[in-house]
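FYI, in the working numbering the residues of the sequence shown are 4 to 307.
The beta carbon of each residue, even a glycine, is placed where N, CA and C say it ideally should be.
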Amino acid sequence: MAIDSTSTPTAGGSAPPPAAAPAGSKKSDGVTIAGIALRTPYWVFTGAVGLIFLAPLLWTAVASVSPQAGTNQVDGWGFGNYETLGSYQAGVWRYLANSAFVSLLTVALTLGISFLGGYAFARFKFPGKNILFLVTLAILMVPYATLLIPLYVLLNQVGLQNSLVGVALVLAMFQLPFATFLMRISFEAVPRQLDEAAMVDGCSSFGALWRVLLPAVKPGLITVGLFAFLAAWNDFMAPLILINDSERMTLPLAVSNLRGQVQGVVDYGATEAGVVVLALPCIVLFLLLQRHYVRGFMSGALKG
């Protein structure tokens, strides 16, 4: 009688080891060949897009330290173009300080007003609320440059023309519609039960806003602040119209004036150095706050 070898135990009395599973049916270290094949086009596409966006900045950074005819960096690689930028008129540190002051004041004004405005639109009911909100958003449809001359006249009448404070006020005004909209949806994404429970525990409306809602809408605030900073730091039009004193120029305006300082000949090396100096704070801030920035944009996505 034939014996089925597949069911016969071994000499030690133990059952034979199970047959190996077909290739590709189990994960190897959590990754399958099929998964890698599906993700590869995504990785290639996102990598190509990243290179497209990074290429101009990398080229500018390399060109700012490479030898170029007609610049302060003619022989060999070095920081001659940055020396030209640093010694231009009042100096790069003065222009950096002016830009930092305008940007930080713009951020403070935008955050303070949009935080309270978004809270009011999201939590309170009052006559004409939706109409007022639409009027606020309508500012976004007005071309930026068309309002600068009327604002120049207005600021001149109140003594804020040729003033960094006046520039910050103008920039904050143009940031407020979007900032208020974003803060409203951030507050609406927070359940009302949180602030109602805080009021039951004895908090006032302001106490609930400060202790409960402020931490909840922190990603939205960071997003608003980042947008306001980037817009104010890189803005060229408002300082060009409102500032006529070389000591009060912001860095974008100073870099633009530096381009043609010698008989209209463009100093590309110093210009590229200025672009690098302008870009570095924006890159560092975005990388540090990227997680909060994404959460701020997603704060109202799952509402309801």
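Going by Cα to Cα distance, which pick from the options is closest to residue i?
| i | options | result |
| --- | --- | --- |
| Thr253 | Leu167, Val278, Ala175 | Leu167 |
| Ser189 | Thr226, Leu154, Arg214 | Thr226 |
| Leu281 | Val95, Gly131, Leu212 | Val95 |
| Leu290 | Leu41, Gly223, Leu229 | Leu229 |
| Leu197 | Ala211, Pro44, Met186, Arg187 | Ala211 |
| Leu233 | Ser106, Gln293, Tyr45 | Ser106 |
| Asn101 | Phe209, Gln293, Asn237, Val278 | Asn237 |
| Ile286 | Phe136, Leu60, Leu137 | Leu60 |
| Leu224 | Phe118, Leu99, Asn84 | Phe118 |
| Gly83 | Gly277, Arg294, Ala141, Leu41 | Gly277 |
| Pro192 | Pro222, Ser207, Val203, Ser208 | First, the residue type needs correcting, since residue 192 is Ala and not Pro in the sequence shown. Measuring from the Cα of Ala192, the nearest candidate turns out to be Pro222. |
| Ser259 | Pro153, Tyr98, Val65, Ala51 | Tyr98 |
Considering only the beta carbon of each residue, do residue i and residue j sit closer than 8 angstroms?
| i | j | result |
| --- | --- | --- |
| Asp270 | Leu261 | yes |
| Ala182 | Thr113 | yes |
| Ser69 | Trp80 | yes |
| Glu250 | Thr63 | no |
| Thr49 | Ala231 | no |
| Leu174 | Leu163 | no |
| Thr74 | Ala257 | no |
| Phe136 | Phe124 | yes |
| Asn165 | Asn247 | yes |
With a cut-off of 8 angstroms on the beta carbons, I'd call residue i and residue j a contact; round off their distance for me.
| i | j | result |
| --- | --- | --- |
| Val170 | Leu245 | 5 angstroms |
| Leu143 | Pro180 | 5 angstroms |
| Tyr155 | Phe177 | Incorrect: roughly 14 angstroms between the Cβ atoms, too far for contact. |
| Val215 | Ala201 | 5 angstroms |
| Met186 | Gly121 | 3 angstroms |
| Leu140 | Phe104 | Wrong, their Cβ atoms sit about 29 angstroms apart, outside the cutoff. |
Looking at chain B, is there any beta carbon in it that lies within less than 8 angstroms of the beta carbon of residue i?
| i | result |
| --- | --- |
| Asn75 | Of the protein chains in the structure, only one exists, and it is not chain B. |
Checklist line | At least 3 beta-carbon pairs within less than 8 angstroms: the segment 228-248 vs the segment 77-91 | finding: No, the segment 228-248 does not touch the segment 77-91.
Next item on the list: Pick out the complete alpha helix (DSSP H) segments inside the segment 179-247, 4 residues or longer, and give them in chain order.
Entry: Taking 4 residues as the minimum length, the alpha helix (DSSP H) runs contained wholly in the segment 179-247 are 195-203, 208-211, 221-237, 240-245, in order along the chain.
Next item on the list: Within the segment 43-110, note down every full alpha helix (DSSP H) run reaching 4 residues or more, in order along the chain.
Entry: List check, alpha helix (DSSP H) in window: 83-89.
Next item on the list: Entirely within the segment 127-156 and at least 4 residues each: give me those alpha helix (DSSP H) ranges in chain order.
Entry: You should have 132-141.
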